Structure formats: structure tokens, C-alpha cells
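A quick write-up on the structure given underneath.
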Amino acid sequence: MNKLTLTRLVAILGLVVCVAGIAFRLEEIMRRPYRKDLSRPRGDARRGLLYAFTLGLAPWEKESTRLHWLAYLRGIVFHVGIFVALLVFFASPWLAALPLVVVMAGTAITAVGAVAGFAGIWLRRAEENLRALSLPDDYLSVLVTSLFVTLAFAVLVWPASLPLFYLVSGVMLAYIPFSKIRHCVYFFYSRFFFGQGFGHRGVIGQPPGEYAE
1 MNKLTLTRLV
11 AILGLVVCVA
21 GIAFRLEEIM
31 RRPYRKDLSR
41 PRGDARRGLL
51 YAFTLGLAPW
61 EKESTRLHWL
71 AYLRGIVFHV
81 GIFVALLVFF
91 ASPWLAALPL
101 VVVMAGTAIT
111 AVGAVAGFAG
121 IWLRRAEENL
131 RALSLPDDYL
141 SVLVTSLFVT
151 LAFAVLVWPA
161 SLPLFYLVSG
171 VMLAYIPFSK
181 IRHCVYFFYS
191 RFFFGQGFGH
201 RGVIGQPPGE
211 YAE
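Under this note's numbering, the first residue of the sequence shown carries the number 1, and numbering increases by one thereafter.
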């Protein structure tokens, strides 16, 4: 068994652990009792849900991002880089067949995404409040993910680095269910309950009226 085949198996094993771990956590969540909101309806929950997954994601709708545009943009660039790196991972057996323009675009995006990721580690150390709130998992999650994006960039530039990319991919994927990286799944749940709850109470997403903002 050569190095490429072995590391590819590590990546596949990591993917299996990732899917199984997330499925277990979701099953655990779904088994918890659902507590119905007993407050009197003052708005349409569906409008709240629509807002939560559309305009509610805009940076000017949240004070934290409205006041910290650079941090917001760094996060966006990092997450786009992660998404493209995942595409590189799943397309890795056919990278040689990809059009040059696609490879160049992926190279550029993963390059800036990796820089944004490592910048996030530096910001956690440099900013007093972030440093006080950060746990080892915060640093490790960002570090592993930043390495994943960096190696996706490396694979597009130097295909011989594919075994190392597979190795880091396997580690990151296996780590997801046990780390804060799993917020990529919890995000959709939190937005759903945010939109449903505050839409039901007429706080968000409602047309101008007595209870709308």
C-alpha cells in the first residue's frame, strides 16, 4: 500500500467518524423534549424564519458585526476558504481534469482563506476579551481548519502534497463532532429557533405594525 492510498484511507475514516459523530449528536438533540412556546402569537413565525435565514444574516443587522466590519469580513473570507477547501477534498481524485480557470480560482480563494484563518488565531491572542474567553479547543479548531485550507491551496499548486492534505483532512473531519467546529451543524438549528421564536412574538421579520420593529 503506497503513501497516497494509505492517507486516502485515513481521510475516508475521518469522514466516517465525522458523519457518524454528527448523526449521533443530532439524534441526541432530537430526543430532547420540545417545549412549545405558550406565549400569545404576536407575529408570523414563518416571516421570522425567512428573516433569520436571509436579511437577519446581514452584518448591519447585528451590533457585533456592525461595529467590527474587519472581523466580520475576515470570518467570511475564512469560511469561504473552508467551503472551497472542502470542494477540493471531494474533487481530489479528479483534480488533474479540472479546467485551469477553476484551479486558479480555487488557489486564490484558499490562499486568502488560509491567511484569514491564521489571522483569527493571532486575533484571539492579541485581543484581551477574546483571549480571556478562549479555550484550548478554540485555538485547536481554528488551527486544524486553517491547516486544512492551507493544504488545499498547496494541493492546487503542488499536487504531490496530496497525501499530507488527506492526512490533515482525516484529522480535521474526525475532530469535528468533538470540537467547536460542529457549530457548522448547530448553526442551522440556532437560526431556526431564533427565527421561529422571535417571529412568533412579533419581534423580527414582521411588516410594519403594532409589534414589529
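Glycine included, each C-beta is placed from N, C-alpha and C at the ideal position. From a predicted model like this one, the values you see are computed outputs, not experimental measurements.
With 16 other Cβ atoms within 10 Å as the buried cut-off, status of residue i
i      : result
Met104 : exposed
Arg8   : buried
Val142 : buried
Leu6   : exposed
Val144 : buried
Leu55  : exposed
Leu173 : buried
Glu213 : For Glu213, the predicted model reports a pLDDT of 49, less than 50, meaning its position is unreliable; a value from the coordinates is still stated below. It counts as exposed.
Phe198 : buried
Ala126 : exposed
Leu57  : exposed
Ala160 : exposed
Ala97  : exposed
Ala20  : exposed
Ser39  : exposed
Ser146 : buried
Beta carbon of residue i nearer than 9 Å to that of residue j
i      : j      : result
Leu151 : Ala85  : yes
Gly215 : Tyr51  : Only positions 1 to 213 of the chain appear in this structure, which leaves residue 215 out of reach.
Gly120 : Gly75  : yes
Phe165 : Ala114 : no
Ile12  : Gly205 : no
Tyr189 : Ile181 : no
Pro177 : Ile29  : no
Leu70  : Val185 : no
Phe192 : Leu49  : yes
Leu130 : Leu140 : no
Leu95  : Val88  : yes
Leu167 : Val17  : no
Arg238 : Pro207 : As shown, the chain starts at 1 and ends at 213. That puts residue 238 outside it, with no answer to give.
Gly202 : Pro41  : yes
Nearest neighbour of residue i, chosen from the options [CA to CA]
i      : options                      : result
Gly81  : Met172, Phe188, Phe148       : Phe148
Gly43  : Pro208, His200, Pro207       : His200
Ile109 : Tyr139, Leu156, Ala71, Trp60 : Leu156
Phe78  : Ala97, Pro99, Arg66, Phe118  : Phe118
Asn2   : Leu162, Asp37, Gly202, Val16 : Leu162
Phe187 : Arg46, Leu38, Phe53, Gly14   : Phe53
Ala111 : Tyr72, Ser92, Pro93, Phe83   : Phe83
Contact test: residue i Cβ vs the ligand MN heavy atom, cutoff 8 Å
i      : result
Gly199 : Only the bare structure without any ligand can be found here, which leaves the ligand MN out of the picture.
Below-9 Å beta-carbon distance, residue i vs any chain D residue
i     : result
Lys62 : Of the protein chains in the structure, only one exists, and it is not chain D.
Legend entry - Uninterrupted alpha helix (DSSP H) stretches inside the segment 124 to 167 (no shorter than 4 residues): Taken in chain order, the complete alpha helix (DSSP H) segments of 4 residues or longer contained in the segment 124 to 167 are 128 to 133, 136 to 157.
Inset, instruction - List in chain order: all unbroken alpha helix (DSSP H) runs of 4+ residues lying wholly within the segment 52 to 96. - result: Counting whole runs of 4 or more residues, the segment 52 to 96 contains the alpha helix (DSSP H) stretches 63 to 66, 69 to 91.
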